[in-house]
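Asks:
In my numbering, the protein residues as written are 36 to 426.
(1) Note down the Cα distance separating residue 299 from residue 180, rounded to an integer number of angstroms.
(2) Measure the CB-CB distance between residue 76 and residue 266 and report whether it falls below 8 Å.
(3) Going by the DSSP bridge assignment, what does residue 249 pair with across the sheet?
(4) Starting from the N-terminal side, write out each stretch of the beta strand (DSSP E) that is 3 residues or longer and does not extend beyond the region 145-189.
(5) Would you report the Cα separation of residue 169 and residue 112, rounded to the nearest angstrom?
(6) Apart from the five residues on each side of it in sequence, which residues of its chain come closer than 8 Å, Cβ to Cβ, to residue 160?
(7) Can you check which of these residues, 231, 296 and 313, is closest to residue 72 by C-alpha distance?
(8) Can you tell me whether residue 347 is helix, strand or coil according to DSSP?
(9) Under the DSSP definition of a beta bridge, which residues are partnered with residue 331?
(10) Kindly give me the distance between the Cβ atoms of residue 118 and residue 103, rounded to whole angstroms, as I take these residues to be in contact under 8 Å.
(11) For a test of the three-state rule: what should DSSP assign to residue 94, helix, strand or coil?
(12) Identify every residue that forms a DSSP beta bridge with residue 115.
(13) Output the distance between the C-alpha atoms of residue 86 and residue 259, rounded to the nearest integer angstrom.
(14) Counting Cβ pairs closer than 8 Å, one from the region 279-291 and one from the region 406-424, do we hit at least three?
(15) Taking residue 437 and residue 250 to be in contact with their CB atoms under 8 Å, please state how far apart those CB atoms are, rounded to whole angstroms.
(16) Pick helix, strand or coil for residue 408, following the three-state DSSP scheme.
(17) Grab me the residues of residue 303's own chain with a C-beta within less than 7 Å of its C-beta, minus the 5 sequence neighbours each way, in chain order.
(18) Taking DSSP as the reference, what is the three-state secondary structure of residue 37?
(19) Which partner residues of residue 121 appear in the DSSP bridge assignment?
(20) Between residue 366 and residue 218, how many whole angstroms is the CB-CB distance? I'm expecting something under 8 Å.
(21) Name the two residues that bound the continuous beta strand (DSSP E) containing residue 136.
(22) At which residues does the alpha helix (DSSP H) containing residue 241 begin and terminate?
(23) Would you mind giving the Cβ-Cβ distance between residue 205 and residue 241, rounded to the nearest angstrom? I have them listed as a contact below 8 Å.
This is the structure we're talking about:
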């Protein structure tokens with residue numbers, strides 16, 4: 036297992052000897068460029084309305100759900116992105132990486148932190164065999180993270196960690212043939228992440244070939260515009276009277292909210308749109324789009340309104356009946372915030388992992404005289420306000 040105290044202490048010793056500083060941070064977006072994607076309806080695309088209490092769905096599969104979490108810690112001369120992952124279900128205790136004071140640890144061949152820092156710090160980290168395997172300084176393309184926006188760094192470290200975590204679960208025989216549910220997208224289709232997407236696709240295919248179907252549940256859909264296009268609007272207008280939305284000023288949460296309001300969806304009811312397929316149009320993004328995805332959008336009468344369930348097209352073709360049942364099963368188990376309860380539980384434990392690491396790192400950094408930035412103090416306040424996991 037990792038000696039986390041040793042890793043964090045050695046890193047701080049290296050950073051304390053640096054006289055360099057980070058360049059100003061540029062706030063930007065890391066969303067997928069929806070205008071370079073095309074959405075098409077499948078033969079079985081439907082708009083289904085039902086009462087949640089009547090969705091008595093049995094998938095005849097146990098499940099295992101995983102989620103990752105990340106928090107950034109900044110000073111004047113470094114920014115450390117601390118990540119962690121947790122899994123529960125399939126008859127296992129809570130499984131975590133890195134090792135914490137709760138749950139069952141597992142070995143994962145991937146760093147749990149990403150680093151932006153001056154060149155002397157980065158080189159010293161890479162040359163230190165005791166910590167170089169745990170603190171990542173470069174993307175899979177080989178560039179230092181200092182060349183990327185923060186969101187890209189977080190996505191690479193976190194999604195890479197989740198992917199290798201899945202590999203470890205398979206190698207440890209902890210998945211068996213259970214349904215795997217990922218809190219988040221199946222993969223990211225951005226040009227900086229081609230190798231990351233391929234790595235994720237490979238493990239998804241390995242899962243499918245082993246009889247383990249996988250779906251992703253995406254909670255934050257306000258920054259996505261996959262539904263805001265004529266191909267989807269035509270499907271809605273052919274089935275729903277008086278539906279109207281400006282697709283040029285639109286996001287997926289607004290689209291589903293408007294559809295739900297048009298149909299009068301209330302508390303205790305749910306609306307499902309799908310399956311739909313998303314593909315790359317061509318040009319630049321097609322070079323980085325690893326595989327088409329099949330997805331559904333769900334609107335409930337409670338909580339934030341909408342979420343997306345997605346899988347790879349190849350997985351859907353091989354396990355279509357189970358995937359369709361899984362979508363209905365997830366909807367039948369939404370909680371008071373309108374999300375499948377298993378997603379909220381996984382989110383809780385993943386955040387508990389990074390909360391533990393974050394507070395630990397903060398205490399160690401204070402002892403070496405580091406001054407955290409304002410954003411870091413805000414993150415620290417949020418971490419202290421969380422309940423955490425009771426042992």
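Where is the CB? At the ideal position from N, CA and C, for every residue including glycine.
What you are looking at is a predicted structure, and each value in this text was computed from that prediction instead of being measured.
Replies: If we stick to the structure as given:
(1) By one-based count along the chain shown, residue 299 stands at place 264. By one-based count along the chain shown, residue 180 stands at place 145. Taking the straight line joining both Cα atoms gives about 47 Å.
(2) For the purposes of this step, residue 76 is identified with residue 41 of the chain shown, where counting begins at 1. For the purposes of this step, residue 266 is identified with residue 231 of the chain shown, where counting begins at 1. Cβ atoms of residue 76 and residue 266: closer than 8 Å.
(3) Here the question's residue 249 lines up with position 214 in the chain shown. Per DSSP, 215.
(4) 148-151
(5) Numbered from 1 along the chain shown, position 134 holds the residue referred to as residue 169. Numbered from 1 along the chain shown, position 77 holds the residue referred to as residue 112. Cα to Cα, the separation comes out at about 20 Å.
(6) Position 125 of the chain shown, counted from the first residue, corresponds to residue 160. Taken in chain order, the residues that qualify are 46, 49, 150, 152, 166, 167, 170 and 172.
(7) In the chain shown, residue 72 corresponds to position 37, counting from 1. Nearest option by C-alpha distance: 313.
(8) Taking the first residue of the chain shown as position 1, residue 347 is located at position 312. DSSP places residue 347 in strand when its eight states are reduced to three.
(9) Walking along the chain shown from the start, residue 331 turns up at place 296. Beta-bridge pairing links residue 331 to 344.
(10) Residue mapping note: residue 118 aligns to position 83 of the chain shown, counting from 1. Residue mapping note: residue 103 aligns to position 68 of the chain shown, counting from 1. Between residue 103 and residue 118 the Cβ distance is about 6 Å, and since that is below 8 Å, they are a contact.
(11) Walking along the chain shown from the start, residue 94 turns up at place 59. DSSP places residue 94 in coil when its eight states are reduced to three.
(12) The residue given as residue 115 occupies position 80 in the chain shown. Residue 115 pairs with 108 and 150.
(13) Residue 86 sits at position 51 when you count from the first residue of the chain shown. Residue 259 sits at position 224 when you count from the first residue of the chain shown. Using only the alpha carbons, I get a separation of about 27 Å.
(14) no
(15) As shown, the chain starts at 36 and ends at 426. That puts residue 437 outside it, with no answer to give.
(16) By 1-based counting over the chain shown, the position of residue 408 is 373. Of the three classes helix, strand and coil, the one that applies to residue 408 here is coil, per DSSP.
(17) The sequence position of residue 303 within the chain shown is 268, counting from 1. 86, 87, 88 and 336.
(18) If you number the chain shown from 1, residue 37 lands on position 2. Residue 37 falls in the coil class under three-state DSSP.
(19) Walking along the chain shown from the start, residue 121 turns up at place 86. Bridge partners of residue 121: 102 and 131.
(20) One-based indexing of the chain shown puts residue 366 at position 331. One-based indexing of the chain shown puts residue 218 at position 183. Contact flag wrong, Cβ pair sits at about 16 Å.
(21) If you number the chain shown from 1, residue 136 lands on position 101. Where residue 136 is concerned, there is no enclosing beta strand (DSSP E), given that its DSSP letter is neither H nor E.
(22) As a first step, residue 241 is located in the chain shown; it is residue number 206 there, counting from the start. Where residue 241 is concerned, the enclosing alpha helix (DSSP H) stretches over 229-244.
(23) Reading the chain shown from its first residue, position 170 is the one you call residue 205. Reading the chain shown from its first residue, position 206 is the one you call residue 241. Going by Cβ atoms, the distance from residue 205 to residue 241 rounds to 7 Å, so yes, they are a contact pair.
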